[in-house]
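Quick notes on the structure that follows.
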Amino acid sequence: MEMKHQITSQENNFVFLLKTSLKGISQVILIENVITGFIILLAISISSILLGIITLLSAVIGTLIGKSLGADEDILNQGLFGYNSVLTGMALALFLSGPSHWIIALAGAAITAIFTASMMHLMKKMELPILTFPFILTTWFMLLVSYRLTAFTLSPELVPQSLAQWELDIAGEVNWIQGSFNGVSQIFFLDNPISGALLFLAVFWADWKIGVYAILGNAVSLITSYGLGGEHSLIFIGLYGYNAILTIIAVSTFYKNEENRFALLSGIIAASLTVLATASVSSWLLPFGLPTLTMPFVIVTWIFLGARKVLPLL
Amino acid sequence: MEMKHQITSQENNFVFLLKTSLKGISQVILIENVITGFIILLAISISSILLGIITLLSAVIGTLIGKSLGADEDILNQGLFGYNSVLTGMALALFLSGPSHWIIALAGAAITAIFTASMMHLMKKMELPILTFPFILTTWFMLLVSYRLTAFTLSPELVPQSLAQWELDIAGEVNWIQGSFNGVSQIFFLDNPISGALLFLAVFWADWKIGVYAILGNAVSLITSYGLGGEHSLIFIGLYGYNAILTIIAVSTFYKNEENRFALLSGIIAASLTVLATASVSSWLLPFGLPTLTMPFVIVTWIFLGARKVLPLL
Amino acid sequence: MEMKHQITSQENNFVFLLKTSLKGISQVILIENVITGFIILLAISISSILLGIITLLSAVIGTLIGKSLGADEDILNQGLFGYNSVLTGMALALFLSGPSHWIIALAGAAITAIFTASMMHLMKKMELPILTFPFILTTWFMLLVSYRLTAFTLSPELVPQSLAQWELDIAGEVNWIQGSFNGVSQIFFLDNPISGALLFLAVFWADWKIGVYAILGNAVSLITSYGLGGEHSLIFIGLYGYNAILTIIAVSTFYKNEENRFALLSGIIAASLTVLATASVSSWLLPFGLPTLTMPFVIVTWIFLGARKVLPLL
């Protein structure tokens, strides 16, 4: 009987781990929902089965590190130890190449979990959420290693350029339908419409309101980036959209109180500002050849959520 | 009667807005004084009437955002929601060009007000004043946008350069009188002696002591930068002076207690260090083609005010 | 009699200053021990008597600033106001050249003491130690000044390079014995084996356990950096080792409680991560031509110590 109990407990542990990891995947878009996590995993796996495996393993690694080193159960259960690891694992798998790049990706997922804990400590003092900051810094950090250690090989698409030699050419095909689906896909580094449709399904499954916010945020970013003269090749592949989607969700729903009758309006303004943030951050990173990732989302959201502490009606 | 009351209330609102906005302009040099703000506005308008309008509008925007979103009345009344917006509005009007650059300047003033609120939240925890940090970061941020969005056009004077190719040539005319007036002018991006004289008047009107500090801080910066071999073309146009002036005022007067008998000496040392800070920050920004703005003031002042918490006699 | 008392008091002051300064030197490797400080000073002076003098003077300057401006006696007594000044003094003496570079080095030591106080204030709020952060930032800051003020002359070995033109060539002699001694030497910018042996003596004198940690940390870094394909010329001169040594000591011994049975394992993992951090930071600094210093130690140690607050078993 005791043995059976042990098996059940192990089964429970396995189920807990799987559920929490799937929640970790859904937390990338600020949602805590097992089914949503599963549909997202499906959307990624349709694009690349290998990427799907790395996604799941990264979530598991993040969760296991939190669990085994004594993290708070509540935080762990919500999947909050998983989502930064998921993103780092995916990003390193995509932006590094070479035979052992997937090992580096999983190591990066583990480092991100430690960094996540550290940022939780710091940001609790700032009374702000950590968002995807641990993912961004760990990924930039790991990509820069490739200039110094031969075991790391950078994907050829990441090329450092001097700002002085940079010339802006915005010409390119305009495709609003593609742009509508690619924003949400790019949150997970994808750019195919089927994955995009599945991701919308995943979001709507959890909360139709968040789904509407996502569509709205993406639309705001498309209009703003097109109106201000951004590169068409970037706009319609969704690279101005994914930060706007994350930002409108966070700003419209976090730290909201009864006073914030205009939280959605704040969210829309914040979403449009991510277009400027995306342009700015990518200029700043140009000499280092690093991708923007979700830094615009983190910058704009931190500013708005921090400001809300001083401007309660924001 | 009720209508009359309403009108009076609106009048009051208008007077409040104007007064607070003028205080916002005076807060740029760490002074809370309506008349001082008005004289500064005059000094700016003499140089360029358009720049004067943008200055006043930026102050109004900052104040209105604070007011309408529920900022603390005390903080608002002191003009503390205005000065960063004023500086961003002016800087963007000057460093951007193109037909719509003044719209971007005013939008920048609005963004700065939100960022100001956010920094107030963070710096309250650090027990340090926000100084002009929101202005600096917003302005750098907005200038870098121009490499990616065609609606933003950078002024041709801002050119990214490689540090490797940089060659220092300090030769140039020596003009101590010009240097004496330009330091204070450069706080407001001006470099004509009449505006400089008006700005001194504005400062002395509020507090003759602060006026003396300003002259002293500027003298310290002129001697230090000339003695250490800085570029004459920068020194005598006031570009080594404006940070020193702001720093000596802040370090000599903020968080002072009875123990700080040597606060003015600390202020003088801090002012001389802004010369090094100016040299350092401008080297660091060279590859990005960004102006130094008041970053040296913020760095040196934060270090000294923070240190005073641990070294009470500083 | 009163005069005699005064002399004794002065003698006591002198002894206190000397003792505290030597402790300041030993605190560079996270040890509080007068004899250890003295042996380190010997190891430095053997390499260069001038560097030895600057080391001692920098420690004295840091301590005197803390003492005279009213720092907490406990903190002062432990030498915690000295070690950052020691490192800045040494680094500036080595990385700057020209006739007055040693004056700048001592001025840098003084600035570092003020910055140390400021960081103590900030990091107390973050509940993390300041480590060598004041030294790193002050030194980078002062080195960048040389592009703008002729009184500062950069050593010719520091050359800004574009990441785009960077080519990695790891070939070079493999010398494990040299590598074993140079890691600890490089903490003090040295690379001769006799100094290395003396430094090991200094550490073992204070605590044999820390000596073992140092050897272990260095071994971990040698294996990791060689295994991942780092430049042999850097590895065996100790440039991948010194950050690993400092990190393993800090992570294995700071904020430890009964729960941290695996603190040494955490220390070993942290030490291996400093290899990635060293590679990453040096890539990031390449366009600015700045040396990595102990930034990898600070980054990895802050992350692990911060994470330990959330993951108590780390």
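Chains as they are written, first to last, in the numbering used here: chain A, 1 to 314; chain B, 315 to 628; chain C, 629 to 942.
A virtual CB, placed ideally from N, CA and C, is assigned to each residue, including glycine.
Residue burial classification, residue i (beta-carbon count within 10 angstroms, cutoff 16)
i: Asn-257 of chain A; result: exposed
i: Gly-486 of chain B; result: exposed
i: Arg-776 of chain C; result: buried
i: Val-304 of chain A; result: Residue identity check: residue 304 of chain A is Phe in the sequence provided, not Val. Burial call: buried.
i: Pro-287 of chain A; result: buried
i: Ser-100 of chain A; result: exposed
i: Leu-579 of chain B; result: exposed
i: Phe-141 of chain A; result: buried
i: Met-315 of chain B; result: No answer about Met-315 of chain B holds up, because its pLDDT of 43 lies below 50 and its placement is not dependable.
i: Asn-327 of chain B; result: exposed
i: Gln-341 of chain B; result: buried
i: Ile-450 of chain B; result: buried
i: Gly-230 of chain A; result: buried
i: Gly-855 of chain C; result: exposed
i: Gln-814 of chain C; result: buried
Alpha-carbon to alpha-carbon, residue j and residue i
i: Leu-94 of chain A; j: Pro-448 of chain B; result: 35 Å
i: Ile-345 of chain B; j: Thr-36 of chain A; result: 55 Å
i: Ile-425 of chain B; j: Ile-484 of chain B; result: 38 Å
i: Thr-922 of chain C; j: Leu-190 of chain A; result: 38 Å
i: Thr-615 of chain B; j: Val-60 of chain A; result: 46 Å
i: Thr-588 of chain B; j: Lys-439 of chain B; result: 25 Å
i: Ile-681 of chain C; j: Gly-652 of chain C; result: 14 Å
i: Ile-49 of chain A; j: Ile-851 of chain C; result: 34 Å
i: Leu-18 of chain A; j: Ala-735 of chain C; result: 58 Å
i: Val-879 of chain C; j: Ser-162 of chain A; result: 38 Å
i: Ile-358 of chain B; j: Ser-509 of chain B; result: 7 Å
i: Ile-268 of chain A; j: Thr-402 of chain B; result: 23 Å
i: Trp-522 of chain B; j: Ala-516 of chain B; result: 10 Å
i: Ala-699 of chain C; j: Asn-574 of chain B; result: 14 Å
i: Ser-280 of chain A; j: Phe-188 of chain A; result: 22 Å
i: Pro-291 of chain A; j: Trp-490 of chain B; result: 48 Å
N- and C-terminal bounds of the alpha helix (DSSP H) containing residue i
i: Pro-291 of chain A; result: Taken as a continuous stretch (DSSP letters only), Pro-291 of chain A belongs to no alpha helix (DSSP H), as it is neither H nor E.
i: Thr-852 of chain C; result: 836 to 855
i: Pro-629 of chain B; result: The structure shown does not extend to residue 629 of chain B, since chain B is modelled only from 315 to 628, so the question has no answer here.
i: Ile-111 of chain A; result: 101 to 126
i: Lys-256 of chain A; result: Careful: Lys-256 of chain A lies outside any alpha helix (DSSP H) and carries neither H nor E.
i: Gln-806 of chain C; result: 804 to 814
i: Leu-678 of chain C; result: 677 to 696
i: Phe-769 of chain C; result: 761 to 773
i: Phe-409 of chain B; result: 397 to 409
i: Leu-394 of chain B; result: Run containing Leu-394 of chain B: none; DSSP gives neither H nor E here.
i: Ser-547 of chain B; result: 546 to 549
i: Ser-282 of chain A; result: 263 to 285
Beta-carbon neighbours of residue i, restricted to chain B and to distances below 9 Å
i: Arg-889 of chain C; result: None at all; the shortest Cβ gap to chain B is about 34 Å.
i: Gly-70 of chain A; result: Correct list: empty, because the minimum Cβ distance to chain B is about 27 Å.
Chain-ordered neighbours of residue i on chain C, where CB pairs are closer than 8 Å
i: Val-145 of chain A; result: Leu-904, Ala-907, Ser-908, Ser-911
i: Ser-432 of chain B; result: Those within 8 Å of Ser-432 of chain B in chain C number zero; the least Cβ separation is about 18 Å.
Contact set between residue i and chain B, taken where Cβ atoms lie within less than 7 Å
i: His-729 of chain C; result: Those within 7 Å of His-729 of chain C in chain B number zero; the least Cβ separation is about 13 Å.
Chain D contact for residue i (CB, 8 Å cutoff)
i: Pro-915 of chain C; result: This model lacks chain D altogether, as its protein chains are A, B and C.
Proximal residues of chain B, C-beta to C-beta of residue i below 8 Å
i: Met-923 of chain C; result: Within chain B, no residue comes near Met-923 of chain C; the closest Cβ sits about 15 Å away, beyond 8 Å.
i: Leu-311 of chain A; result: Ile-379, Gly-380, Leu-383, Gly-384, Ala-385, Ile-428, Ala-431
Integer-rounded CB distance, given that residue j should sit under 8 Å from residue i
i: Asn-506 of chain B; j: Ser-361 of chain B; result: 6 Å
i: Phe-709 of chain C; j: Ala-741 of chain C; result: 6 Å
i: Tyr-287 of chain B; j: Ser-539 of chain B; result: Past the edges of chain B, shown from 315 to 628, lies residue 287 of chain B, and the structure says nothing about it.
Listed by chain order, chain A residues near residue i by CB distance under 9 Å
i: Phe-429 of chain B; result: Ile-303, Gly-306, Ala-307
i: Lys-753 of chain C; result: Lys-125
i: Ile-425 of chain B; result: Leu-273, Leu-276, Ile-303
Contact set between residue i and chain C, taken where Cβ atoms lie within less than 9 Å
i: Thr-150 of chain A; result: Leu-796, Ile-798, Leu-856, Gly-857, Gly-858
Chain C contact residues for residue i, given Cβ-Cβ distances below 7 Å
i: Leu-477 of chain B; result: Tyr-775, Pro-788, Pro-915, Phe-916, Gly-917
i: Leu-628 of chain B; result: Leu-697
Neighbouring residues, chain A, relative to residue i (Cβ below 7 Å)
i: Phe-455 of chain B; result: Ser-280
i: Leu-436 of chain B; result: Met-126, Gly-306
Check: residue i C-beta below 7 Å from any heavy atom of the ligand MG
i: Gly-238 of chain A; result: For the ligand MG, the structure offers nothing, since it holds no ligand at all.
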